[in-house]
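Residue numbers (UniProt numbering): 1 to 289. Cβ coordinates follow ideal geometry from the N, Cα and C atoms, glycine included. Take a look at the structure below.
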């Protein structure tokens, strides 16, 4: 059995006990403190986990190798496959990704593996706190080391949208429904701690990624999520949805939540607001506009 969306601590423990082909990734990160995730990992992580750092492993390091712009540009599929091969991840493995931040950063690697064509990737619901509460084994110090492998790319299982594609549909009513996962004050343009311009893409709807989780950092039940998104869409066709946020990370929480609620997979505009607001001539909306 494979897990393509979420996995519980009990289900993960069953895979570990059975010796199933498995790799666990710790994607813990703090946007305002890039060193925090590594320190958190060194302090405590799931036993056997490898590190997936948002800056070093899950983002491009120069424009030449970046798929898009923005603060966390995607590396090429080939670059990600090379990293996975170096750390020993194989096509026959179940990937489990987790963090300490309500799965916001774990979602980045979940989406990237889908984009590489790997379907057997699941977010650990509730993250490290849920694993510890269930009595799961933990370690500290360096990441586990696995023999190198050869990870083979497959056709993408999730769609990527570019800034140009998003911009081309802005003036075509009904053709695109952008869902912005940033917090409400940033969406409205009242504050902007990370990017040079405040506001949002004209016509976008706002669904803060934090709205997908219960107080324990687990995804809300599917009925609640379905009702939330039906209310948000207000009759707009789900097939027109494109997910975005500040830099293509927290948007994945909305994507996962919609899939849990029974919606088909939807595209990601990975460049998101940080690319959009740095694009000459790109329109900006503020307030409820």
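| Asked | Found |
| --- | --- |
| Taking only three categories from DSSP, how would you classify residue 94? | strand |
| Got a sec? Which residues, its chain only, sit under 8 Å from residue 170 by beta carbon, not counting five neighbours each side? | 176, 201, 202, 203 and 283 |
| In this structure, how does DSSP classify residue 89 when only helix, strand and coil are distinguished? | coil |
| Run through DSSP, which three-state label would residue 28 get? | coil |
| Check whether the Cβ atoms of residue 89 and residue 54 sit closer than 8 Å, and answer yes or no. | no |
| Throw me the rounded Cβ distance for the residue 117 and residue 160 pair, which I believe falls under 8 Å. | At roughly 13 Å, the Cβ-Cβ gap does not stay under 8 Å, so residue 117 and residue 160 are not in contact. |
| Using the Cα positions of residue 70 and residue 276, report the straight-line distance between them to the nearest angstrom. | 8 Å |
| Please list the terminal residues of the continuous alpha helix (DSSP H) segment that includes residue 177. | Per DSSP, residue 177 belongs to no alpha helix (DSSP H); it is in the beta strand (DSSP E), 177–180. |
| Residue 242 lies in the beta strand (DSSP E); which residues open and close that run? | 241–244 |
| Are residue 80 and residue 97 closer than 8 Å when you measure CB to CB? | no |
| Find the nearest neighbour of residue 28 within the set 49, 17, 8 and 13, judged by alpha-carbon distance. | 49 |
| Measuring alpha carbon to alpha carbon, tell me which residue in 143, 164, 225 and 247 is nearest residue 45. | 143 |
| How is the alpha helix (DSSP H) around residue 113 delimited, first residue to last? | 106–115 |
| Can you tell which of 14, 151 and 179 has its C-alpha closest to the C-alpha of residue 258? | 179 |
| Do residue 242 and residue 269 have their C-beta atoms closer together than 8 Å? | yes |
| Are the region 125–133 and the region 185–199 touching, with three or more C-beta to C-beta distances below 8 Å? | no |
| Could you check whether the Cβ of residue 58 sits closer than 7 Å to any heavy atom belonging to the ligand NAP? | Looking at this structure, you won't find the ligand NAP or any other ligand, since it has none at all. |
| Could you give the C-beta distance for residue 60 and residue 74, rounded to a whole number, given that I count them as a contact under 8 Å? | 6 Å |
| Please return the same chain residues whose Cβ sits closer than 8 Å to the Cβ of residue 286, not counting the five positions on each side in sequence. | 188, 189, 198, 199 and 200 |
| For residue 212, which option in 261, 9 and 274 has the closest C-alpha, if you only look at C-alpha atoms? | 261 |
| Taking Cβ positions, are residue 112 and residue 23 nearer each other than 8 Å? | no |
| With a threshold of 8 Å between beta-carbons, can residue 273 be considered close to chain B, or not? | Chain labels in this structure do not include chain B; a single protein chain is all it has. |
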